[in-house]
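Written below as structure tokens is the structure these notes are about.
Residue numbers (the working numbering): 2 to 195.
As structure tokens, this is what we get:
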């Protein structure tokens with residue numbers, strides 16, 4: 002209701018992870034608001050499947066700002082993490098920002114993350130094993146994934162088809178031993194590509 006009043010089309014709702022995956026496949030939304038705690042398949046697994054199957058940007062929603070929830074959601078490929086106490090304006094803004102490709106993090110969660118990283122000594126990233134096996138085009142695609150681009154954006158910017166992008170992504174994942182886009186973002190950063 003809040004989103005619709007702001008002019009954002011809501012194409013579906015789901016009560017559990019399985020339903021969310023099916024709805025995302027059917028409606029192909031630009032942005033998915035995903036509750037992390039649901040019966041059956043949890044929100045992190047549903048996020049992983051939705052992100053792997055298409056270009057939807059997933060914003061994880063939860064009542065708790067527990068570190069593991071944030072990690073699980075981001076590893077699953079979510080572009081952001083909001084607490085359910087987000088204001089109406091904050092929710093509308095988050096959906097619009099996610100659609101524009103921006104990362105979304107609840108202020109309370111961001112403060113905890115900054116605190117966590119400020120107290121840790123910096124780690125030196127190691128280039129991922131298998132990086133030398135990537136073709137130049139696969140490196141381009143990995144760099145764009147690292148920059149937060151969707152498959153559609155990559156296809157448009159590189160003047161290639163979506164099928165070709167998906168093939169490159171599949172090859173990158175196989176060569177680098179990656180499971181999801183979140184790991185690809187980390188690999189791009191570690192390789193200093195993104």
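We put the CB at the ideal spot given by N, CA and C, even for glycine.
Environment of residue i [buried if 16+ CB atoms lie within 10 Å]
i           : result
residue 86  : exposed
residue 101 : exposed
residue 3   : exposed
residue 117 : exposed
residue 63  : buried
residue 151 : buried
residue 143 : buried
residue 119 : exposed
Whether residue i touches residue j by CB criterion (8 Å)
i           : j           : result
residue 137 : residue 159 : no
residue 41  : residue 19  : yes
residue 11  : residue 33  : no
residue 135 : residue 74  : no
residue 105 : residue 81  : yes
residue 15  : residue 55  : no
residue 22  : residue 47  : yes
residue 147 : residue 186 : yes
residue 31  : residue 57  : yes
residue 161 : residue 145 : no
Nearest-angstrom beta carbon gap, residue j and residue i [assumed within contact, 8 Å]
i           : j           : result
residue 83  : residue 131 : So it is not a contact: roughly 34 Å between Cβ atoms.
residue 181 : residue 127 : About 19 Å separates the two Cβ atoms, so there is no contact after all.
residue 77  : residue 175 : No, residue 77 and residue 175 are not in contact; Cβ-Cβ is about 19 Å, not under 8 Å.
C-alpha gap between residue i and residue j, whole angstroms
i           : j           : result
residue 94  : residue 9   : 11 Å
residue 188 : residue 110 : 23 Å
residue 172 : residue 28  : 27 Å
residue 153 : residue 35  : 22 Å
residue 53  : residue 139 : 17 Å
residue 167 : residue 194 : 19 Å
residue 121 : residue 108 : 20 Å
residue 79  : residue 70  : 11 Å
residue 114 : residue 72  : 10 Å
residue 179 : residue 133 : 15 Å
residue 7   : residue 39  : 26 Å
residue 65  : residue 99  : 21 Å
residue 129 : residue 92  : 36 Å
residue 201 : residue 49  : Residue 201 falls outside the range modelled here, since the chain spans only 2 to 195, and no answer is possible.
residue 5   : residue 90  : 12 Å
residue 165 : residue 149 : 18 Å
residue 112 : residue 163 : 37 Å
residue 88  : residue 157 : 34 Å
residue 13  : residue 103 : 23 Å
Proximity test, residue i beta-carbon vs the ligand PLP heavy atom, cut-off 7 Å
i           : result
residue 140 : Annotation note on the ligand PLP: not contained in the displayed structure, which lists no ligands.
- Task: Can you check the segment 65-142 for any beta strand (DSSP E) of at least 3 residues that lies completely inside it and give the ranges in chain order?
- Result: 81-84
- Item | Contiguous alpha helix (DSSP H) assignments of at least 4 residues, all confined to the segment 140-164 | 152-159
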